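Trainee:
Chains as they are written, first to last, in my numbering: chain X, 1 to 189; chain Y, 1 to 430.
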């Protein structure tokens with residue numbers, strides 16, 4: 001296995017690590033292939049299925065980084081929840097007509113610019129990564145990952161958590177969005 | 001014997017935690033085979049029980065009392081022509097049953113049949129189970145769409161709406177049970193399936209009885225939601241045969257159809273296991289803290305053997321009551337052999353229990369302990385499986401708007417209320 005990857009791992013990880021370069025390349029390859037299929041398939045359901053593959057591969061990457069909670073939430077929220085709703089909507093669209101239609105809005109120059117900018121951002125982050133991020137990741141033992149996340153979000157032993165405020169703000173935002181959706185769908189009587 | 005096989009035998013960890021790939025693979029194979037056999041048994045029991053509920057006999061011809069009916073069914077399904085409709089989306093049609101099957105079987109990696117009788121124990125156990133089992137709906141939705149036919153599409157739409165709605169109430173009920181795991185000295189709860197059962201052992205109470213009506217109500221909500229989640233009667237709107245022919249699997253036939261059935265029953269066993277683990281003490285035998293003397297341990301370890309002996313006795317009675325006409329000779333011999341088989345399994349289990357108790361055989365003791373855990377877990381799951389049949393025989397199907405009303409306007413508010421009350425009571429008590 002890759003010694004650079006293993007150096008940051010804490011001693012609680014046992015003799016058979018999953019953070020090997022084999023898993024990394026397999027999972028990221030799956031994610032990239034899935035992502036390409038999402039944008040190249042004309043049939044929207046095929047795109048949705050490819051997106052599910054991508055999301056699951058990303059969940060696998062989280063698992064590989066010893067972040068099982070994030071991986072579980074990724075599966076439950078994205079692959080299990082959001083994608084089912086996506087499919088629900090897509091199935092009601094007439095696939096045959098929409099797959100024969102040509103896209104009339106030519107958005108690819110804007111898309112190209114966005115892609116180049118994103119690539120530049122990634123390259124910059126990759127080049128300056130050591131300065132921007134902590135060199136070694138903070139070791140969170142896998143066996144208490146969920147509990148550590150809870151302590152960060154909600155705090156423990158009478159102390160407010162590091163991210164309590166941000167977390168509550170985000171949940172309030174989601175609540176407002178839900179209420180907005182409910183009001184928009186309500187019929188005016 | 002190579003070291004990697006022997007080194008695990010004394011361990012009290014699951015093979016996944018101990019990092020032993022060989023035994024993890026063995027457990028996976030055992031569970032896969034066990035679940036497949038359980039689905040076959042369930043198939044027979046369901047047909048017989050439903051028939052008896054309706055004052056019929058059910059399958060009687062293939063083997064004594066139709067015991068070989070599942071095998072005949074499996075053979076028939078394998079030989080049947082596997083039709084893919086011309087207008088169907090070939091690839092998606094092909095892959096849909098596999099998605100459902102994969103999702104249904106993947107959850108078994110974290111189901112704790114005993115403290116070390118699981119493939120692995122994850123820190124996010126219950127979250128993993130919920131997430132992966134929610135992927136099962138993708139198989140149904142995609143199958144309904146790929147068939148390119150009206151009834152399957154309606155079935156798929158119904159099923160996706162139903163599963164998404166009931167998952168919310170189900171999740172909240174689970175959270176209230178997980179909250180109860182944190183009622184200990186350090187105040188940290190757990191999502192790990194094995195630790196949830198251990199928490200019930202340490203607190204000396206099954207979570208169904210904890211904070212009395214609260215745990216029971218949460219369990220009740222889960223028990224309703226899990227029937228909806230597995231698309232079983234009275235919530236089987238996705239395959240309502242009186243309205244949609246067979247719902248999402250109308251266009252499926254042969255082996256591919258049987259994969260859907262296998263996935264459905266495997267998912268039923270999986271959700272029953274979640275209910276057993278969270279509320280009914282998982283592998284714990286009745287009163288593990290109150291009656292913890294070695295004599296009690298021994299008494300309870302006799303149960304698996306006695307159960308098989310009782311089943312064997314029932315088969316013996318069946319043999320004796322078989323009509324004495326010569327037409328029934330082969331059936332009679334067959335049932336006799338079956339009775340002898342059940343009886344000898346019972347005797348073997350009793351022998352292991354006795355050997356584990358009396359002699360200084362560490363292996364036998366460990367084996368008997370493991371059998372006891374698995375037995376109590378499976379007994380509880382079996383009760384749920386019988387309930388699934390009972391529901392199906394008793395209740396008429398819900399209408400779709402009634403189903404949605406129950407899910408969103410009854411179960412969801414109650415489960416939210418239970419969650420908040422559990423939190424308040426928990427803080428007040430501790």
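Glycine residues also receive a C-beta, built at the ideal position from the N, C-alpha and C atoms.
Being a predicted model, the structure only gives us computed values, none of them experimental.
Does the distance from the CB of residue 380(Y) to the CB of residue 276(Y) come in under 8 angstroms?
Mentor: For this step, residue 380(Y) is matched to residue 380 along the second chain. For this step, residue 276(Y) is matched to residue 276 along the second chain. The answer is yes: Cβ separation under 8 angstroms.
Trainee: Closer than 6 angstroms by C-beta to residue 79(X): which residues in its own chain qualify, once you throw out the five before and the five after it? Chain order, please.
Mentor: Locating residue 79(X) in the first chain gives position 79, where the first residue counts as 1. Hits under 6 angstroms: 52, 55, 56.
Trainee: Which residues, taken in chain order from the region 151–166 of chain Y, show a beta carbon closer than 8 angstroms to some beta carbon of chain A?
Mentor: Annotation note: the requested chain A is absent from the structure, which comprises protein chains X and Y.
Trainee: For residue 181(Y) versus residue 189(Y), is the C-beta spacing smaller than 8 angstroms?
Mentor: Position 181 of the second chain, counted from the first residue, corresponds to residue 181(Y). Position 189 of the second chain, counted from the first residue, corresponds to residue 189(Y). Result yes, Cβ atoms of residue 181(Y) and residue 189(Y) sit closer than 8 angstroms.
Trainee: Within 10 Å of its beta-carbon, does residue 186(X) have 16 or more other beta-carbons around it, so buried, or fewer, so exposed?
Mentor: By 1-based counting over the first chain, the position of residue 186(X) is 186. Exposed: under 16 other Cβ atoms inside 10 Å.
Trainee: Got a sec: is the Cβ-Cβ distance from residue 40(X) to anything in chain Y below 8 angstroms?
Mentor: Your numbering for residue 40(X) matches position 40 in the first chain. Output row for residue 40(X): interface = no.
Trainee: Residue 162(X) touches chain Y at which residues, Cβ-Cβ below 8 angstroms?
Mentor: Here residue 162(X) is taken as the residue at index 162 of the first chain, counted from 1. In chain order: nothing, as chain Y lies at least about 17 angstroms away.
Trainee: Anyone know if the C-beta pair for residue 240(Y) and residue 302(Y) falls short of 8 angstroms?
Mentor: Within the second chain, residue 240(Y) is the residue found at index 240, counting from 1. Within the second chain, residue 302(Y) is the residue found at index 302, counting from 1. Not in contact: residue 240(Y) and residue 302(Y) (Cβ atoms no closer than 8 angstroms).
Trainee: Quick test of your reading: residue 102(Y) and residue 255(Y), contact by CB under 8 angstroms. State the CB separation rounded to the nearest angstrom.
Mentor: Start at 1 with the first residue of the second chain, and residue 102(Y) comes out as number 102. Start at 1 with the first residue of the second chain, and residue 255(Y) comes out as number 255. Contact doesn't hold; Cβ gap of about 16 angstroms is too wide.
Trainee: Between 300(Y), 299(Y), 382(Y), which has its C-alpha nearest residue 274(Y)'s C-alpha?
Mentor: On the second chain, residue 274(Y) is found 274 positions in, with the first residue counted as 1. Residue 274(Y) has its Cα closest to that of 382(Y), out of 300(Y), 299(Y), 382(Y).
Trainee: Quick one: Cα of residue 44(X) to Cα of residue 91(X), how far?
Mentor: For the purposes of this step, residue 44(X) is identified with residue 44 of the first chain, where counting begins at 1. For the purposes of this step, residue 91(X) is identified with residue 91 of the first chain, where counting begins at 1. Answer to the nearest angstrom: the Cα atoms are 9 angstroms apart.
Trainee: Measure the Cβ-Cβ separation of residue 305(Y) and residue 349(Y) and say whether it is below 8 angstroms.
Mentor: Locating residue 305(Y) in the second chain gives position 305, where the first residue counts as 1. Locating residue 349(Y) in the second chain gives position 349, where the first residue counts as 1. In this structure, residue 349(Y) lies closer than 8 angstroms to residue 305(Y) by Cβ.
Trainee: By the 7 angstroms beta-carbon criterion, what residues does the region 99–128 of chain Y contribute toward chain X?
Mentor: Those would be 122, 123, 124, 127, 128, in chain order.
Trainee: Three Cβ pairs or more, each shorter than 8 angstroms: is that satisfied between the region 93–110 of chain Y and the region 164–180 of chain Y?
Mentor: With a cut-off of 8 angstroms, the region 164–180 of chain Y and the region 93–110 of chain Y do not count as touching, because too few Cβ pairs lie within range.
Trainee: Output, in chain order, the set of chain X residues within a Cβ distance shorter than 9 angstroms of residue 237(Y).
Mentor: For the purposes of this step, residue 237(Y) is identified with residue 237 of the second chain, where counting begins at 1. Residues of chain X passing the Cβ test: none, with the nearest at roughly 15 angstroms.
Trainee: Which two residues bound the contiguous alpha helix (DSSP H) that contains residue 102(Y)?
Mentor: Here residue 102(Y) refers to the residue found at position 102 when the second chain is read from its first residue. Unbroken alpha helix (DSSP H) run through residue 102(Y): 90–106.
Trainee: In whole angstroms, what is the alpha-carbon distance linking residue 300(Y) and residue 371(Y)?
Mentor: Position 300 of the second chain, counting from 1, holds the residue named residue 300(Y). Position 371 of the second chain, counting from 1, holds the residue named residue 371(Y). Their backbone Cα atoms lie some 11 angstroms apart in a straight line.
Trainee: Between the C-alpha atoms of residue 135(Y) and residue 171(X), what's the straight-line distance to the nearest angstrom?
Mentor: Here residue 135(Y) refers to the residue found at position 135 of the second chain. Here residue 171(X) refers to the residue found at position 171 of the first chain. Their backbone Cα atoms lie some 25 angstroms apart in a straight line.
Trainee: Mapping DSSP to helix, strand and coil, what is residue 431(Y)?
Mentor: Missing from the structure shown is residue 431(Y); chain Y here goes from 1 to 430 and no further.
Trainee: Between residue 54(Y) and residue 224(Y), what straight-line distance do the alpha-carbon atoms span, to the nearest angstrom?
Mentor: Numbered from 1 along the second chain, position 54 holds the residue referred to as residue 54(Y). Numbered from 1 along the second chain, position 224 holds the residue referred to as residue 224(Y). Each residue's alpha carbon lies about 24 angstroms from the other.
Trainee: Within 8 angstroms (strictly less), CB to CB, does residue 407(Y) reach chain X?
Mentor: To locate residue 407(Y), count along the second chain from 1; it is residue 407. So no, residue 407(Y) is outside the interface.
Trainee: Hey, would you say residue 204(Y) sits closer than 8 angstroms to residue 289(Y), going by beta carbons?
Mentor: As a working mapping, residue 204(Y) is identified with position 204 in the second chain. As a working mapping, residue 289(Y) is identified with position 289 in the second chain. For residue 204(Y) and residue 289(Y), yes; Cβs fall inside 8 angstroms.
Trainee: Which residue comes first and which comes last in the alpha helix (DSSP H) that contains residue 380(Y)?
Mentor: Looking up residue 380(Y) in the second chain gives position 380. Run containing residue 380(Y): 362–394, per the alpha helix (DSSP H) assignment.
Trainee: What is the DSSP secondary structure of residue 147(Y), reduced to helix, strand or coil?
Mentor: Locating residue 147(Y) in the second chain gives position 147, counting from the first residue. Three-state DSSP puts residue 147(Y) in coil, outside helix and strand.
Trainee: I want to verify the contact list: residues of chain X whose CB lies under 7 angstroms from the CB of residue 145(Y), in sequence order.
Mentor: Residue 145(Y) sits at position 145 when you count from the first residue of the second chain. Within 7 angstroms Cβ-Cβ: 45, 91.
Trainee: Could you give the C-beta distance for residue 41(X) and residue 50(X), rounded to a whole number, given that I count them as a contact under 8 angstroms?
Mentor: Against the first chain, residue 41(X) aligns to sequence position 41. Against the first chain, residue 50(X) aligns to sequence position 50. Correct: roughly 6 angstroms between the Cβ atoms.
Trainee: Judging by CA-CA distance, which residue of 218(Y), 291(Y), 268(Y) is the nearest neighbour of residue 231(Y)?
Mentor: The residue you call residue 231(Y) lines up with position 231 of the second chain. Comparing Cα-Cα distances from residue 231(Y) to each of 218(Y), 291(Y), 268(Y), the minimum goes to 268(Y).
Trainee: Identify, in the order they occur along the chain, each residue of the same chain with its Cβ nearer than 7 angstroms to the Cβ of residue 281(Y), setting aside the five sequence neighbours on each side.
Mentor: As a working note, residue 281(Y) is residue 281 in the second chain. If we look at residue 281(Y) and ignore the five residues flanking it on each side, its Cβ neighbours are 197, 200, 206.
Trainee: Is residue 85(X) buried or exposed, if buried means 16 or more other CB atoms sit within 10 Å of its CB?
Mentor: Taking the first chain and counting its residues from 1, one reaches residue 85(X) at position 85. With fewer than 16 other Cβ atoms within 10 Å, it is exposed.
Trainee: Between the region 62–89 of chain X and chain Y, which residues of the former have a C-beta closer than 9 angstroms to a C-beta of the latter?
Mentor: The region 62–89 of chain X vs chain Y, Cβ under 9 angstroms: 68, 69, 71, 72, 73, 74, 75, 76, 77, 79, 80, 81, 83, 84, 85, 87, 88.
Trainee: Going by DSSP in three states, residue 202(Y) sits in which element: helix, strand or coil?
Mentor: Against the second chain, residue 202(Y) aligns to sequence position 202. Looking at residue 202(Y) - three-state DSSP - the assignment turns out to be helix.
Trainee: Could you please give the first and the last residue of the uninterrupted alpha helix (DSSP H) stretch that includes residue 108(X)?
Mentor: Indexing the first chain from 1 puts residue 108(X) at position 108. Unbroken alpha helix (DSSP H) run through residue 108(X): 108–127.
Trainee: Quick one: what does DSSP say residue 121(Y) is sitting in, helix, strand or coil?
Mentor: The residue you call residue 121(Y) lines up with position 121 of the second chain. DSSP places residue 121(Y) in coil when its eight states are reduced to three.
Trainee: Can you find the residues in the same chain that come closer than 8 angstroms, C-beta to C-beta, to residue 39(X), ignoring five residues on each side of it along the sequence?
Mentor: Working through the first chain from its first residue, we reach residue 39(X) at position 39. Contacts found: 47.
Trainee: Looking at the structure shown, is residue 285(Y) part of a helix, part of a strand, or coil, going by DSSP?
Mentor: Within the second chain, numbered from 1, the residue matching residue 285(Y) stands at position 285. Coil.
Trainee: Applying the 10 Å Cβ sphere with the 16-neighbour rule, what's the burial state of residue 358(Y)?
Mentor: Residue mapping note: residue 358(Y) aligns to position 358 of the second chain, counting from 1. Exposed: under 16 other Cβ atoms inside 10 Å.
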